[in-house]
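First up is the structure itself, then whatever we jot down about it.
Below you can see the structure in the form of structure tokens.
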């Protein structure tokens with residue numbers, strides 16, 4: 001079972017920052033999950049919320065700020081500034097780093113609240129620029145975004161993100177739309193849903209797995225991956241089970 005670091009090593013470091021990604025890589029995890037949005041001037045940036053209020057010392061919406069303005073805010077403010085100044089990274093900065101890493105990147109397209117014009121195309125352009133086509137998975141709660149990405153790049157795996165409790169016939173659904181992966185929330189996930197995915201050859205990557213009971217359960221059900229804030233703990237446990 002693969003372990004993806006949720007927004008990097010977000011359990012210990014400011015989420016969706018290069019620091020969190022670098023620390024995640026040091027754990028030996030298999031991949032990184034991150035989120036992308038567009039700034040006012042059309043730069044693809046790595047940030048989860050549509051506003052910067054929760055994750056930085058600034059305020060306002062990503063869509064209303066230029067990238068130069070966004071870079072002025074400190075994402076480490078949520079950690080009390082103990083790591084110094086940690087900016088919100090551009091997706092291109094991440095790609096430059098990721099091209100030399102043995103990691104799979106799960107890129108969540110954040111078009112569920114604002115449908116950013118051209119976000120899918122701009123993100124794919126950067127993936128191709130840095131030769132990451134075989135090292136990424138696209139996912140989104142807005143399935144029109146991954147349908148669009150399937151049109152643009154049918155060779156790149158896509159995952160249908162579902163909130164709790166997800167779909168009982170997720171395997172059929174993903175197969176119907178040519179999605180290779182199903183990404184359900186761990187709360188409410190059932191063995192029947194996992195088995196339905198198995199029936200159609202769909203991979204199951206579960207979010208956000210942060211406690212041992214959930215980790216043990218999804219491992220027992222044969223899920224393919226977990227997305228966790230604590231990748232080091234998860235990776236060590238999975239390795240112990242695979243010995």
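Numbering (UniProt numbering), first residue to last: 1 to 243.
We put the beta carbon where it would ideally sit given N, CA and C, even for glycine.
These numbers come from a predicted model, not from an experiment.
{"Asked": "For the region 105 to 119 and the region 65 to 84, state whether three or more C-beta atom pairs, one from each stretch, are separated by less than 8 Å.", "Found": "no"}
{"Asked": "Using 8 Å for Cβ pairs, my map puts residue 122 next to residue 44. What's the rounded Cβ distance?", "Found": "5 Å"}
{"Asked": "Which same chain residues, not among the five before or five after residue 163, have their C-beta less than 6 Å away from its C-beta?", "Found": "185"}
{"Asked": "Going by beta carbon distance, what residues of the same chain come within less than 8 Å of residue 142, once the five residues before and after it are set aside?", "Found": "109, 111, 112, 115"}
{"Asked": "Could you tell me if residue 54 is buried or exposed, where buried requires 16 or more neighbouring beta carbons within 10 angstroms of its beta carbon?", "Found": "exposed"}
{"Asked": "By the three-class DSSP mapping on this structure, what secondary structure does residue 206 have?", "Found": "strand"}
{"Asked": "Given residue 61, which residues of its chain have a CB within under 7 Å of its CB, disregarding the five upstream and five downstream residues?", "Found": "50, 51"}
{"Asked": "Considering residue 231, what are the terminal residues of the alpha helix (DSSP H) in which it resides?", "Found": "231 to 241"}
{"Asked": "On the DSSP letters alone, give me the boundaries of the beta strand (DSSP E) that residue 132 sits inside.", "Found": "Looking at the DSSP string, residue 132 is not in any beta strand (DSSP E), and its letter there is neither H nor E."}
{"Asked": "Starting from the Cα of residue 148, find the closest Cα among 119, 183, 131 and give me that residue.", "Found": "119"}
{"Asked": "Quick one: residues in its chain with C-beta nearer than 7 Å to the C-beta of residue 101, no 5 flanking neighbours on either side, listed in chain order?", "Found": "25"}
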